[in-house]
Amino acid sequence: MKKLIIVADWAHDSLTNQEFQTALEGFAKDPREVRSSYVASTPSTLHTSFILQQLILTEERYGRPRETIFFQNTDPRIQTKEGVEKSKGAEFIVVLLKSGIYVCGPNAGYDFSLLKPQIEYVYRYPNLDKGSQFRSRDLYSRVSAHLMDGMEDELDLEEESSNCIPELRGYFVGHIDNYGNIKTTITHEDLKGKFALGEKIEITINGVTKKATYVSNLFGGIPGQLVIYPGSSGDKDNPNFEISIWRHFTEKIATTGIHEFNIPKPGAEIALR
0 MKKLIIVADW AHDSLTNQEF QTALEGFAKD PREVRSSYVA STPSTLHTSF ILQQLILTEE
60 RYGRPRETIF FQNTDPRIQT KEGVEKSKGA EFIVVLLKSG IYVCGPNAGY DFSLLKPQIE
120 YVYRYPNLDK GSQFRSRDLY SRVSAHLMDG MEDELDLEEE SSNCIPELRG YFVGHIDNYG
180 NIKTTITHED LKGKFALGEK IEITINGVTK KATYVSNLFG GIPGQLVIYP GSSGDKDNPN
240 FEISIWRHFT EKIATTGIHE FNIPKPGAEI ALR
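What the sequence shown shows, in numbering that gives the first Met the number 0, is residues 0 to 272, in sequence order.
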């Protein structure tokens, strides 16, 4: 039986996690073999996409991709500002990556956008977009369990074009780590030939503009200096950039990247000059 990694904006809540877990085990052929873990996102679909991309890259690099399923659920109903019937949300899709990993969940906003270059096939699962306010427990747990048990051929899937997944254009805050480092969707290739090491780059996030020094790593400048650098996320040959401040955390006020830009949220746009 394959393992399941869940990425969801509800995964902060232990009650919700256990309800989903109970349903997942109920649909599995052998509940004793269920292996699952939970990673909390926020209501930002871009945040969920960034987390998925990083976890999948790590699984492909160090884990067992062909023995792994991902389920995500971040669906803030961004497609409407009107009331909906039966808690209708985004359409449920299942994607098969080139590495053999299946990823499933509602196709809301940018949930799957950062995975698009790695997608081999996209399938839609009709009629799973409504019918319950807690679709993860009541509808999606069954699909997840069947994928874990290798029963994808028994699901009512319809092949779909990858055009149903929107392209992500521009630069954004992808994630904020526990140190307050800002992980971005900017890659090394994005800045190649545009800026040189040691150069000051003007960065605007959350309505705040600051100048950061382009360095080779977080510790490539001096303590207390705002820097932008290739970080620990993304492809090892084309890493994502981070924005932060090297701190010893012995300072009276140990601010880092997040404090410099007035506590931005994942999904916030980034402008560079």
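Virtual Cβ for every residue (Gly too), placed ideally from N, Cα, C.
| Check | Outcome |
| --- | --- |
| Let me check understanding here. Comparing Cα to Cα, which of THR15, SER161, ALA7, ASP29 lies closest to ARG123? | SER161 |
| For GLY25, which of PRO105, SER143, LEU127 has the nearest alpha-carbon? | SER143 |
| Please report whether the beta-carbon of GLN71 lies at a distance below 9 Å from any beta-carbon of chain C. | Note that chain C does not occur in the displayed structure, where there is just one protein chain. |
| Rounded to whole angstroms, what is the Cα-Cα separation between GLU188 and ASN237? | 6 Å |
| Can you pull the DSSP bridge partners for ALA211? | ILE200 |
| Quick check on ALA39: does DSSP put it in helix, strand or coil? | strand |
| Short check: CB of SER112 to CB of ILE164, under 9 Å? | yes |
| For SER140, count the other beta carbons within 10 Å of its own beta carbon; 16 or more makes it buried, fewer makes it exposed. Which is it? | buried |
| List the whole-angstrom C-beta distance separating GLU66 from LYS2, where the pair is believed to meet the contact cut-off of C-beta under 8 Å. | 7 Å |
| Could you give the DSSP three-state label for ILE50: helix, strand or coil? | helix |
| Which residues does DSSP pair with SER243 in a beta bridge? | VAL226 |
| Taking the Cβ atom as the reference point for each residue, do TYR101 and LEU54 lie within a distance shorter than 9 Å? | no |
| Which stretch, first to last residue, makes up the beta strand (DSSP E) that contains ILE185? | 181 to 186 |
| Grouping DSSP H, G and I as helix and E and B as strand, with all else coil, what is ALA253? | coil |
| When DSSP labels each residue in this structure, what does LEU45 get in the three-state scheme? | helix |
| Taking the straight line between their C-alpha atoms, what separation do you get for ALA195 and SER36? | 41 Å |
| Quick check: the Cα distance between THR249 and SER48, rounded to an integer number of angstroms? | 34 Å |
| Just to confirm my understanding: we take ASP119, look at its own chain, exclude 5 residues before and 5 after, and list those with CB closer than 7 Å. What are they? | It should be pointed out that residue 119 corresponds to Glu in this sequence rather than to Asp. Excluding sequence neighbours, GLU119 sits near LEU95, LEU96, LYS97. |
| Measure the beta-carbon distance from LYS179 to SER243 and round it to whole angstroms, keeping in mind my assumption that it falls under 8 Å. | The sequence given here places Gly at residue 179; Lys does not occur at that position. Between SER243 and GLY179 the Cβ distance is about 7 Å, and since that is below 8 Å, they are a contact. |
| Starting from the C-beta of ALA89, find all residues in its chain whose C-beta is less than 6 Å away, skip the five residues before and the five after it, and write them out in chain order. | ASP74, PRO105, ASN106, ALA107 |
| Assuming LEU354 and TYR170 make a contact with CB atoms under 8 Å, what is their CB distance in whole Å? | Residue 354 falls outside the range modelled here, since the chain spans only 0 to 272, and no answer is possible. |
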